[in-house]
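Working notes, structure below.
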Amino acid sequence: MNQTKTVKENRYPIILTVTIILLVAVLLLSFLFGAKTTSIQMVYDAIFNYNPQIEEHNILREIRIPREIGAVIVGMALAVSGAVMQGVTRNGLADPGLLGLNAGASMMLALTLAVIPSAGYFTLMLAGFIGAGIGGILVMSVGSSKRGGFSPMRLVLAGAAVSALLTAASEGIALIFRLNQTLTFWSVGGVSGTTWKQLMISTPIVIVILIVLIIMSRQLTILSLGDTLSKGLGQNSTVVRYTSLVATMFLAGIAVSIVGQIAFVGLMVPHIVRFMVGTDYKRVIPLSALLGGFILLFADMIARMLGEAPIGAVISIIGVPFFLYLVRRDGKIL
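Mapping the sequence shown onto this note's numbering, position 1 (from 1) lands on -17, and the numbers just tick up by one.
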């Protein structure tokens, strides 16, 4: 066991470096290919020698570049929130999409637009955070009992029920206030509408939360091993748990406010990361962020090549079999 742990620790720098290279490479490719293929020189000029009279510059500067950067930011947010949720709840099936956070955020976004049609992005982001909190609290309340406590399957079933309820509420709000087209975007998920204004608000918040979670990585690692060990080491488990859950709700709310509901990224990535580098959150959080950004970016590039297919559907092609595999293992972490 110790030998395996040492091997995973030693290969972490290599895996981290490779992941960074892959992320940068796919990001560059995503700038080059789309409905209209362009060149590296054109990308460089659009960034550093912008000319609003050139159509390719406008496409790259205002549509393609913010879209792909948004995919990376959202992928990071979803993957890290899933990793933290799995550790805090000790549930290998935890995921913002499966445990009601995304559905709750979407419901509050619909309600906010119904009440305040001209709401700005910062308001929508706060609404997403509140909605994610409502969804998470409902799932935790329904999925736990005084006798049995939490169990992977109970939480997943509770998440399915609460997500269905909140989605129905979202659709009801959309029908009453005629928000069907807007709600459809959040239901299928997509980064095509990402703007620089959204990125200027969301990116610093996501980065700050990631830094905070990395600083808390030791506490998260101890907490993932159980409350008994955590308390034995003098750690305030309650503070760590609730601080972490609030951080994941912020990340989920930000992700939904940008791209809508996308499931399975937060489920798959942490398992893959733990399989490669172990369970120490000092390694899990940075690598989850990079791998999550890479996966969502790659999925969006595939979606564009398929004629703007919903990115949520592309992710689900891999995510559903992975989820079924984990269910057979009763949510056991890799």
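Heads up, the beta-carbon is just placed ideally off N, CA and C, and yes, glycines get one too. Source: prediction; values computed, not measured.
When the Cα atoms are used, what is the spatial distance from R265 to Y(-6)? Taking the sequence shown and counting its residues from 1, the one referred to as residue 265 is at position 283. Taking the sequence shown and counting its residues from 1, the one referred to as residue -6 is at position 12. C-alpha separation (whole angstroms): 7 Å.
Could you give the first and the last residue of the continuous alpha helix (DSSP H) run that contains M90? To locate residue 90, count along the sequence shown from 1; it is residue 108. Looking at the DSSP string, the run of the alpha helix (DSSP H) that includes M90 is 83 to 97.
Which whole-angstrom value is the C-beta distance of L81 and G118, which I expect to be below 8 Å? Taking the first residue of the sequence shown as 1, we reach residue 81 at position 99. Taking the first residue of the sequence shown as 1, we reach residue 118 at position 136. Right, their Cβ atoms sit about 6 Å apart.
In terms of alpha-carbon separation, which member of P252, N33, T225, F30 lies closest to M58? Locating residue 58 in the sequence shown gives position 76, where the first residue counts as 1. Closest option to M58, Cα to Cα, is P252.
So S63 and L233 are supposed to be a Cβ contact under 8 Å. How far apart are they, rounded? The residue you call residue 63 lines up with position 81 of the sequence shown. The residue you call residue 233 lines up with position 251 of the sequence shown. S63 to L233, Cβ: 4 Å. Contact.
Ignoring anything shorter than 4 residues or poking outside the segment 241 to 301, list the alpha helix (DSSP H) runs there in chain order. 247 to 259, 263 to 287
State whether the segment 263 to 279 contacts the segment 76 to 95, with contact taken as three or more CB pairs (one from each stretch) at a distance under 8 Å. no
My output table needs one value for L308: the three-state DSSP class, helix, strand or coil. Working through the sequence shown from its first residue, we reach residue 308 at position 326. Correct three-state label for L308: helix.
Outcome for T220 when other beta-carbon atoms lying within 10 angstroms are tallied against a minimum of 16: Against the sequence shown, residue 220 aligns to sequence position 238. By the 10 Å Cβ count, T220 comes out exposed.
Length of the line joining the Cα atoms of G102 and T176: Numbered from its first residue, the sequence shown carries residue 102 at position 120. Numbered from its first residue, the sequence shown carries residue 176 at position 194. Cα to Cα, the separation comes out at about 14 Å.
Kindly indicate which residue of G289, M135, I55 has the alpha-carbon position closest to the one of S18. Taking the sequence shown and counting its residues from 1, the one referred to as residue 18 is at position 36. Residue 18 is actually Lys in this sequence, not Ser. Cα-wise, what sits closest to K18 is G289.
Quick one: what does DSSP say G216 is sitting in, helix, strand or coil? The sequence position of residue 216 within the sequence shown is 234, counting from 1. Coil at G216, not helix or strand.
Could you tell me which of L11, K179, N40, I55 sits nearest to G274, measuring between CA atoms? Within the sequence shown, the letter at position 292 stands for residue 274. It is I55.
Considering Cα atoms alone, identify which of P48, L108, V0 is closest to M231. Here residue 231 corresponds to residue number 249 of the sequence shown, with the count starting at 1. The candidate whose alpha carbon is nearest that of M231 is L108.
Where V121 sits in the DSSP three-state scheme: Counting from 1 along the sequence shown, the entry for residue 121 is found at position 139. Helix, per DSSP.
Is V173 near A143, with beta carbons less than 8 Å apart? To locate residue 173, count along the sequence shown from 1; it is residue 191. To locate residue 143, count along the sequence shown from 1; it is residue 161. It is not a contact, given that the beta carbons lie outside the stated cut-off.
When DSSP labels each residue in this structure, what does A146 get in the three-state scheme? Stepping through the sequence shown from its first residue, residue 146 is reached at position 164. Helix, per DSSP.
When DSSP labels each residue in this structure, what does F15 get in the three-state scheme? Within the sequence shown, the letter at position 33 stands for residue 15. Reduced to three states, the DSSP call for F15 is coil.
For I267, tell me which candidate among G79, I196, I41 has the shortest Cα-Cα distance. Walking along the sequence shown from the start, residue 267 turns up at place 285. The shortest C-alpha separation from I267 is found at I196.
If you follow the alpha helix (DSSP H) that R43 is part of, which residue opens it and which one closes it? Against the sequence shown, residue 43 aligns to sequence position 61. No alpha helix (DSSP H) contains R43, which DSSP labels as neither H nor E.
DSSP on I29, reduced to helix/strand/coil? As a first step, residue 29 is located in the sequence shown; it is residue number 47 there, counting from the start. The answer is helix: DSSP assigns I29 an H, G or I state.
When you compare only the Cα positions, how much space is there between I191 and G154? Translated into positions along the sequence shown, residue 191 becomes position 209. Translated into positions along the sequence shown, residue 154 becomes position 172. Computed Cα separation, rounded: 33 Å.
CB-CB under 8 Å to L161, same chain, minus the five flanking residues each way: which ones, in chain order? Position 179 of the sequence shown, counted from the start, is the residue given in the question as residue 161. Result list for L161: A92, L95, A96, I155, in chain order.
Among the residues of its own chain, which have a CB less than 7 Å from the CB of R49, if the five just before and after it don't count? Locating residue 49 in the sequence shown gives position 67, counting from the first residue. Closer than 7 Å at Cβ, skipping near neighbours: V173, S174, T176.
Rounded Cβ spacing between T20 and E38 (contact assumed at less than 8 Å): Here residue 20 refers to the residue found at position 38 of the sequence shown. Here residue 38 refers to the residue found at position 56 of the sequence shown. With a Cβ gap of about 6 Å, T20 and E38 count as contacting.
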